[in-house]
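Undergrad: In this note's numbering, the protein residues as written are 65 to 337. Sharing a structure with you now.
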Amino acid sequence: MEDQKMTQYNNKVLVIGAGVGGIKAALDLAEAGRDVVLIDKAPAIGGLMAQLDRTFPTNNCDLCTLSPHLAESGRRLHIELLPLTELLALDGKVGDFKVTLKSSPRFIDLNKCTACGECFNAFPGCVRFTPGLDHRAPTCMRYPRATPYAYSIDMSRCPDPDRLAQACREGAIVPRDEEKTREIEVGSVVLAAGAALFDARALDGYGYGVCENVVTGLEYERILSASGPTLGQLARPSDGGQPKKIAWISVPDHEASGSRISPIVRAPAACTL
Ligand code: SF4
């Protein structure tokens, strides 16, 4: 009887969040014959793990661990991948949900983009895969071999969208791309929202956001990563020079949650929070 009820349920599953947890859930569901819609608000999937270099305890390269899953989720016929997409509304009951999704404009046509990087070269700067360390180029790819393998554009930072569009020989840039909403019906929803980064600017006394050479642990990780903005060279964000000394600051939980104790911190050349 219970089985008969199950067969009436919508086969489609919405997975919210395309970090490593969401990707694995999507792959397992597709393997089990379910149709999956995998959404993430970022321009490429992979989440925080794609930005880490190596992880404890095996010291494995994260991107090497994640890449096969990224590529597989992009190829799987049962998985519809929707980057730059958020959940707007959810109605209904188990087995029969109506979902409204909102997709932000990428300003690049994924079907035409070959990821040649010419638009990036025309507007030089740095890739935006590095939280807080990017030099705000109007085009971005979060990390090498991102999925989908295409750039995206932050048009609000682009001084001349038409000139940027002319830089693309494939005609892939869509300067007047717009936000889109769509409704889908799904039987189940998997929430794999992952973690959010703490904004270290909220901490008094450490100089984050004021001193360029004070960086967070994740930003330091990006600097040391071979796929990072400095290709793994330990360089000061302020001038690209090599720091002579580095101070590590471990912020207590109660401070991170807002009690604002201001300790005396010495920051000789570079710091990491
Ligand atoms: S948008 Fe055009 S120029 Fe930019 S990476 Fe894609 S194909 Fe190359």
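Quick reminder that beta carbons are idealized off the backbone N, C-alpha and C, glycines included.
Is C180 near the ligand FMN - that is, is its Cβ less than 7 Å away from at least one heavy atom of it?
TA: The ligand FMN is absent from the structure shown, which contains only the ligand SF4.
Undergrad: Buried or exposed: where does D155 fall if 16 or more other Cβ atoms within 10 Å of its Cβ makes it buried?
TA: Mapped onto the sequence shown, residue 155 falls at position 91. Classification for D155: exposed.
Undergrad: Under 8 Å: do the segment 231-242 and the segment 280-287 share three or more Cβ pairs, one atom per stretch?
TA: No contact exists between the segment 231-242 and the segment 280-287.
Undergrad: Report the rounded CA-to-CA distance for D300 versus I248, giving the unit in angstroms.
TA: Locating residue 300 in the sequence shown gives position 236, counting from the first residue. Locating residue 248 in the sequence shown gives position 184, counting from the first residue. Residue identity check: residue 300 is Arg in the sequence provided, not Asp. Approximately 47 Å, taken between the alpha carbons.
Undergrad: Express the C-alpha separation of L228 and L290 in angstroms, rounding to a whole number.
TA: In the sequence shown, the residue the question calls residue 290 occupies position 226. In the sequence shown, the residue the question calls residue 228 occupies position 164. Here residue 290 is Ala; the residue named in the question, Leu, does not match the sequence. Computed Cα separation, rounded: 29 Å.
Undergrad: Using the rule of at least 16 other Cβ atoms within 10 Å of the residue's Cβ for burial, across every protein chain shown, is Y272 buried or exposed?
TA: The residue given as residue 272 occupies position 208 in the sequence shown. Looking at its Cβ environment, which holds 16 or more other Cβ atoms inside 10 Å, Y272 is buried.
Undergrad: Is it buried or exposed for K76, if we count other Cβ within 10 angstroms and need 16 for buried?
TA: Taking the first residue of the sequence shown as 1, we reach residue 76 at position 12. Buried is the call here.
Undergrad: Grab me the residues of A231's own chain with a C-beta within less than 7 Å of its C-beta, minus the 5 sequence neighbours each way, in chain order.
TA: Indexing the sequence shown from 1 puts residue 231 at position 167. Within the same chain, A231 has close Cβ partners E182, C183, A186.
Undergrad: Short check: CB of D104 to CB of A82, under 8 Å?
TA: To locate residue 104, count along the sequence shown from 1; it is residue 40. To locate residue 82, count along the sequence shown from 1; it is residue 18. Cβ distance < 8 Å, so D104 and A82 count as in contact.
Undergrad: Which of the three DSSP states, helix, strand or coil, is assigned to E234?
TA: The count along the sequence shown starts at 1 and reaches residue 234 at position 170. Of the three classes helix, strand and coil, the one that applies to E234 here is coil, per DSSP.
Undergrad: In chain order, what residues of the same chain lie with their CB nearer than 7 Å to the CB of T178, ignoring the 5 residues before and after it?
TA: Here residue 178 corresponds to residue number 114 of the sequence shown, with the count starting at 1. For T178, where only same-chain residues beyond five positions count, the Cβ hits under 7 Å are E234.
Undergrad: Using CA atoms only, rank isn't needed, just tell me which of T164, M113, L298, V274 is closest to A260.
TA: Translated into positions along the sequence shown, residue 260 becomes position 196. When each option's Cα is compared against that of A260, the closest is M113.
Undergrad: Quick check on N75: does DSSP put it in helix, strand or coil?
TA: Translated into the one-based positions of the sequence shown, residue 75 becomes position 11. Three-state result, N75: coil.
Undergrad: Let me check understanding here. Comparing Cα to Cα, which of H142, G86, K244 lies closest to A94?
TA: Taking the first residue of the sequence shown as position 1, residue 94 is located at position 30. Nearest of H142, G86, K244 to A94, Cα basis: H142.
Undergrad: Using a threshold of 7 Å, is the CB atom of C275 nearer than that to any non-hydrogen atom of the ligand SF4?
TA: Locating residue 275 in the sequence shown gives position 211, counting from the first residue. Not under cutoff, so the answer is no.
Undergrad: Is the closest heavy atom of the ligand SF4 to the C-beta of L284 under 7 Å?
TA: Stepping through the sequence shown from its first residue, residue 284 is reached at position 220. First, the amino acid is wrong: residue 284 is Tyr here, not Leu. Checking the Cβ of Y284 against the ligand SF4 gives no.
Undergrad: Please go through the same chain and pick out, in chain order, the residues whose beta-carbon is closer than 8 Å to the beta-carbon of M65, but skip the five residues on each side of it.
TA: For the purposes of this step, residue 65 is taken as residue 1 along the sequence shown, with counting starting at 1. Any reading at M65 is ruled out, since the residue's pLDDT is 49, under 50, leaving its predicted position unreliable.
Undergrad: By the 10 Å Cβ neighbour count, where 16 or more other Cβ atoms means buried, how is Q115 classified, buried or exposed?
TA: Numbered from 1 along the sequence shown, position 51 holds the residue referred to as residue 115. Classification of Q115: buried, given that the 10 Å Cβ count is 16 or more.
Undergrad: Tell me whether Y215 sits in a helix, a strand or coil according to DSSP, three-state version.
TA: Numbered from its first residue, the sequence shown carries residue 215 at position 151. Coil.
Undergrad: In terms of alpha-carbon separation, which member of V101, C180, L255 lies closest to L145?
TA: The residue given as residue 145 occupies position 81 in the sequence shown. Closest by alpha carbon: V101.
Undergrad: With respect to the alpha helix (DSSP H) encompassing F184, which residues constitute its N-terminal and C-terminal limits?
TA: On the sequence shown, residue 184 is found 120 positions in, with the first residue counted as 1. Residues 182-186.
Undergrad: In its own chain, which residues sit with a C-beta less than 8 Å from the C-beta of P327, not counting the 5 before and 5 after it?
TA: Locating residue 327 in the sequence shown gives position 263, counting from the first residue. Since pLDDT at P327 reaches only 40, below the 50 mark, its modelled position is unreliable, and the value read off the structure follows with that caveat. G269, listed in sequence order.
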